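Reading through the structure tokens given below for one structure.
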Amino acid sequence: MRFGYFPGCSLHGTAREFDESLRAISGPLDLDLVEIEDWSCCGATSAHATNHLLSVALPARNLALAEAQGHDAVIAPCAACFNRLAGARHQIAADGALAGRMAGLLGRPFANTVAVKNVVDVLRQLGPAIRGKVVKPLAGLKVACYYGCLLVRPAAVCNFDDPEDPAAMEDVVSATGATPVRWNMRLECCGGGFSIPRTGSVIRLGRAIIADARAAGAETIVVACPMCHSNLDFRQSAMALRGEAPMPVLFLSELVGLAFGLDADRLGMGRHYVSTTPLSAFAQNPPPGKEVR
Amino acid sequence: MARIGVFVCHCGENIARTVDCERAAAALRDLPGVAHAVDYKYMCSDPGQALIKQAIADKKLTGVVVAACSPHMHEKTFRRACASSGLNPFLAEMANIREQCSWIHEDRDAATDKAIDLARFIVEKVKRNVPLETIRIPVERRALVIGGGIAGIQAALDIADGGAQVILVEKEPSIGGHMSQLSETFPTLDCSQCILTPRMVEVVQHPNIRLLAYSEVEAVSGYIGNFAVKIRQKARYVDATACNGCGACQTACIVRKIPSEFDERLGKRTAIYVPFPQAVPNIPVVDRASCAYFKARAKGLKKDACGKCREACSKGAIDFDQVDTFVTENVGAIVVATGYTLYSIGKDQPEGLSGYGEYGYGTIPDVIDGLQFERLASASGPTSGRIARPSDGKEPKRIVFLQCVGSRDPAKGIEYCSKICCMYIAKHTMLFRHKVHDGEATVFYMDIRANGKGYDEFVRRAIEEDGARYVRGRVSRMYRDGEVIKVFGFDTLSGEPVVIDADMVVLATAMRPQRGVQQLAQKLSASYDAHGFFNEAHPKLRPVETNTAGVYLAGACQAPRDIPDSVAMASAAAAKILGLFSKAELEREPTVASVDAAICAGCFQCERVCPYGAVTRVQVRDRLGTVVRVVAEVNPGVCQGCGTCQATCPSKSIELAGFTDEQIWSEINAIVV
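Those protein sequences? They're chains A and B, same order as listed. Residues in the first sequence are numbered consecutively from -6, following the numbering used here. Residues in the second sequence are numbered consecutively from 4, following the numbering used here.
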């Protein structure tokens, strides 16, 4: 399957392990990720908070490039990029006047034909393929799937899962052999872009999320959003978890890569602030009593 | 040769301001076939009508056209005037030069020309009008009431007290409906069962009422005054004539843990059961799906697995071989009182609704709905009136009540207000505080709609005397956290988020029409709205009638209703029916369709398009009695004269009296020429 690939700034920066792990599992899953040439900012945060038209035109430019480069569908792994790209596609499709202005604004033809896919949705649909490629089943590993506020919302734009009771990540986690836990804070806010201006809020919110995951018995939290990852991983040391063991936070693609038996370094797992060694060790040598039955 | 009289009305200034009525009358006077044309300030006034009567006599008019307001307004007035002068009323018609001309135009010359045209078309039609005679149909002076809740009970008693016979059909084993489940009622806090059960007993003792409980309407045919209704009496597996209601069978039953429907699944019942001790009729029914005898029989076991109830019954009333029976009853009028059901917040939803994932899709055991709270608070309930959590039976100290769950929430599929929730939640907070003195009741509300007699005072009492804490805002999320339910809300008055650790949460879920009511509506040819509530004939002026003559509405089948409203509607429907029954014969407009059997091709397109089910099939036989063809026939008692069949008929063999093809074409020709 060939997809246009929109990494966005985060997958080339703070979330390089998301990029690396996705590329690592794309081979076994027969995914052909072709990076869009000359891609630019998706318009998240600053643009959509300041100028409505700009916040649509920026993602539209990238969709227009994908269209010109012959893609039917684009994968935007970052939840914010996905939200902007899918949101722009949705708004332009619904608003004829807006659609009419696009070609002039972008300086290139644009027919809004490219579908925007969320990586979670793509992986869920590849569930049988994932099961087939698992060589190190993560049987017994308890995983808390964390969606955050953005991944499946707004429902009309994202449109791949229940906005209040999603199941896509749990489906993928089950395909790796691990056990998704039922917990309460799957959809709570991580603090998003307030990591720098209001660090205290992010720490307070993150602490509650990690505590709830731990209470549900989770050994790791799995995310699909660079912002969530940064807030839960990078800020975890400041959360002062009262002597409790740190909670590793993985990207969904990293967990899939572990189950595929891929090398932790190739998955970018050395880039985390909270050590992921327990998980790579788990994948290599499942602890006694947790072997595949 | 036609001699038409044309009467142009000024309607005071309403028409004359824009239309030159004098010029219009003069122009119409010169038309061929017009023998007389005048204008007058108020044609509908007594002197105006006298002008028409005088002209009919003097000029020997063969038809009358009144160019004035809408026929909805005064057609009856002018037809009556013509009839009193000996002219068949159906030879008089109106041309609407007010709503369709003077009110909507400004240019006086153009409007006058248009008014002349409008009257001219009608003149062409009236030239081809023929005298028609009012249809008279006999009336069966019995009524059918569907649904034995408070609305159905009230309607049945009022009709029966008026001297007419009533058949009351209830699908559940007992009458009483939702009102029998309630603890106390707002705004007086009087005990619901105490005021309801005497009415239930009155029903069963009334000489004019025949109660068919545990029965459903299968099919309805006929028309106002002459319905034939087929009713299925479901098998109780108990001989109602032999049973004395002693209850020994229930004591003997071995299946004892079926969630009770009456207790909203908070209590348990046996497989042979009466829903509640005060049930009317007090005759048990066997729930086939859970009965050990029937389960074994379904598995093909030869030996009887149980039969304890049969052994226990001293009257020999248990009859496992009973089958559903059918009766057909003739009635003159029907009251629909099928009531409501509550919106479920669960994931499985009927089309267009979405449930509440943010409230856990109904998976948190201590999150209950309003009817469940009623059962907890009721002295006859599963806890004998003690407020207890379903999960562990502990007494909750902090209860959060959420209003507008499902209601007024287009995102969840329902945009209407359920009307009763503001009041019953206020009542719940009081009942809670009266039973748990140190309890804290918090209510999240959008608006408080307490618009009834004594209603606002009641809500104030809940807040001021019983200390309910009202928070204006919505709850965005709740989940179970150990012993408590975390409730995340927002106080829109202070602008602050609110988090409450609740022991129990009560959801005021939306009122929805009873399940399966759409099929019933189709049997009755009655229409319903997008939500499945029955449509009234007019939202203000005909609130208890449907568009199908002879079918009336009472209670929450038409819209969310509280008890006083339901009772008022039921009495209104009863009054309408007693009015109908006060005449031996019904008069119907003769403008109905008829089929020319000689040219009908028998395609039955008309049968498919008729919204009233008025078309039937009849056999045409030759002299030897052999069936040669099957053709359509229109039942004049059912036909409402809409003309859909006439327009649809490919062989042009249907004519609508008063609106024949020839009449319509002559109008159109007058426009074109």
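Virtual Cβ for every residue (Gly too), placed ideally from N, Cα, C. The structure presented is a predicted model; accordingly, all values stated were derived computationally and were not measured.
- For B:R477, the secondary structure class from DSSP, reduced to helix, strand or coil, is coil.
- At least one CB of chain B lies nearer than 7 Å to the CB of A:N177.
- At a cut-off of 7 Å between beta-carbon atoms, B:G66 makes no contact with chain A.
- In the DSSP assignment, B:S218 is bridged to B:Q236.
- Considering only beta carbons, the part of the stretch 346 to 363 of chain B lying closer than 7 Å to chain A consists of G360, E361, in chain order.
- For B:I417 against B:Y346, the beta-carbon gap comes to about 7 Å, under 8 Å, which counts as contact.
- With its beta carbon less than 7 Å from one in chain A, B:Y482 belongs to the interface.
- Secondary structure at B:V206: helix, using DSSP grouped into helix, strand and coil.
- It is roughly 45 Å from the alpha-carbon of B:Q375 to the alpha-carbon of A:S223.
- Under the Cβ criterion of 7 Å, A:E157 is counted among the residues facing chain B.
- In this chain, the alpha helix (DSSP H) harbouring B:Q57 covers 49 to 62.
- Following the DSSP letters along the chain, one finds A:G97 inside the alpha helix (DSSP H) bounded by residues 89 to 99.
- A:V216 is positioned such that its CB atom lies closer than 7 Å to that of A:Y139.
- Counting along the chain, B:E658 sits inside the beta strand (DSSP E) bounded by residues 657 to 659.
- A residue is called buried when at least 16 other Cβ atoms come within 10 angstroms of its Cβ; B:R123 meets this threshold and is buried.
- Membership of B:K489 in the beta strand (DSSP E) is indicated by the continuous run 487 to 494.
- For B:I227 and B:A414, the gap between their C-alpha atoms comes out near 41 Å.
- Per the coordinates, the alpha-carbon of A:G236 lies some 11 Å from the alpha-carbon of A:S230.
- B:H541 sits in a strand when the DSSP states are folded into three classes.
- Rounded to the nearest whole angstrom, the CA to CA distance from A:L98 to A:G120 is 40 Å.
- For A:S48, the uninterrupted alpha helix (DSSP H) run begins and ends at 45 to 61, by DSSP.
- Residue burial annotation: B:Q208 is exposed, with fewer than 16 other C-beta atoms found within 10 angstroms of its C-beta.
- For B:P368, no beta strand (DSSP E) segment is defined, and its DSSP state is neither H nor E.
- Taking a C-beta distance under 7 Å as the contact criterion, B:C24 and B:D42 qualify as a contact pair.
- Ranked by Cα distance from B:A453, the options B:F662, B:G476, B:V439, B:I428 are led by B:I428.
- Rounded to the nearest angstrom, the Cβ distance from B:M97 to B:A71 is 6 Å, consistent with a contact under 8 Å.
- The DSSP assignment places complete beta strand (DSSP E) segments of no fewer than 3 residues inside the stretch 577 to 641 of chain B at 588 to 591, 596 to 598, 618 to 624, 630 to 637, in order along the chain.
- Within the stretch 278 to 350 of chain B, the runs of beta strand (DSSP E) at least 3 residues long that lie entirely inside it are, in chain order, 328 to 334, 336 to 339, 343 to 345.
- Listed in chain order, the non-local C-beta contacts of A:A66 below 8 Å within the same chain comprise F(-4), G(-3), V107, A108, V109, K110, local neighbours out to five positions each way being set aside.
- At least 7 Å separates the beta-carbon of B:A382 from that of B:M433.
- Taking the C-beta atoms as reference points, B:L147 is found nearer than 7 Å to B:V232.
- Per DSSP, B:V133 lies in no beta strand (DSSP E) and is assigned neither H nor E.
- Between the beta-carbon of B:P593 and that of B:T65 there is about 19 Å, and that puts the pair past the 8 Å contact cut.
- Here the alpha carbons of B:V487 and B:G442 stand approximately 15 Å from one another.
- In the structure shown, the three-state DSSP call for B:I140 is strand.
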